[in-house]
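Taking our numbering, the leading residue of the sequence shown gets 1174, the next gets one more, and so forth.
Step one of this worksheet: look at the structure below.
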Amino acid sequence: MTILEQASYSHHDVEIEKRESLYQGFTRLEKVSFRHRLFNQQEYTPVIQRELITRKQAAGVLLYSHPQRKFALIEQFRIGAIEDTSSPWQLEIIAGVLDGDESPETCIRRECLEESGCEIQAAQHLFSFYPSAGACSELFHLYTAQTTLPEYGGVFGLAEEGENIKLHLFDYDQLTTLLSQGRLRNAPVIMALQWLAQQIRQQDAT
C-alpha cells in the first residue's frame, strides 16, 4: 500500500503514560503524557506533554436545491471567533454534536429541523475529518443534502441551549463572491461550498 492508502504508523505506536483531567465543562481539557514512535527508527520520543481539548463527534450538512438554484447557511455567535476583527457571528453550514450513540445522519436530520425547519431525506457524505487535530479530538462528519428550501430565512435554534441562529438563503450566482470575499472563516462551510461550486459547474455544462 502507498502513503495515499495507509498511514506510516497506527495508534499502537503511541504509548500513553498518563491522562489528567484539568477542566470539565462544555468541553473537557486534559493533560496527556505520551511517547510515540519516530520515523524510520525503532526508538520512541521522550515523554511529551500536551493539552487536549476533548469534544464529542459532530456532523454538519449543506442544504441546497438545484431546482431553486439556492443554498442555505446559518449565522450565529461563536466564542472561538470572539476576537475576529470582522465579526464573531460566523456563517456556517447547519451542524451539531452527536447526541449519545446517534449516527451522524440522525444528527444532521435533527439539527436541520432545529436550525432551519427543513426536512431532509437522502444525504451525501463528503468527508470525515479533524478540524484542529493539533489540540482537539473532535471528528467532524460533513454531508450535503438536496431539499426544498423555504422562500425566506428566519431565526431558529433552541432557547434552552442558548441558540440564536439566523437562516440565510443564497442564490447560486452569489456563491463565487461568497467564497472569495473572506466572510467564510471555518473549514466545513468552505469545503461544502467548494463541492457545491463543482456540482453547479457540472450541471451547467450538461
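Quick reminder that beta carbons are idealized off the backbone N, C-alpha and C, glycines included.
Here the structure is a predicted model, which is why all the values come from computation and not from measurement.
Quiz prompt | Residues of its chain near Tyr1345, where Cβ-Cβ distance is below 6 Å and the 5 sequence neighbours each way are ignored | solution = Arg1242 and Ile1373
Quiz item: Could you give the uninterrupted runs of the alpha helix (DSSP H) lying entirely in the region 1294 to 1362, keeping only those of 4 residues or more?
Solution: 1348 to 1353
Quiz item: Should Ala1296 go down as buried or exposed, given a rule of 16 or more other Cβ atoms within 10 Å for buried?
Solution: buried
Quiz item: Ends of the alpha helix (DSSP H) at Thr1218?
Solution: Per DSSP, Thr1218 belongs to no alpha helix (DSSP H) and is neither H nor E.
Quiz item: Measuring CB to CB, does Gly1228 end up less than 8 Å from Thr1200?
Solution: In the sequence under discussion, the amino acid at residue 1228 is Arg, which differs from the Gly named in the question. Result yes, Cβ atoms of Arg1228 and Thr1200 sit closer than 8 Å.
Quiz item: Do Glu1248 and Lys1339 have their C-beta atoms closer together than 8 Å?
Solution: yes
Quiz item: Out of His1341, Leu1342 and Ala1370, which has the shortest C-alpha to C-alpha gap to Ser1353?
Solution: Ala1370
Self-check item: Sequence-distant residues of its chain with Cβ nearer than 6 Å to Val1220 (five each side left out)
Solution: Glu1190, Ser1206 and Arg1208
Quiz item: To which residues of the same chain is His1314 closer than 6 Å at the C-beta, ignoring the five residues directly before and after it?
Solution: Ala1232, Pro1277 and Ser1301
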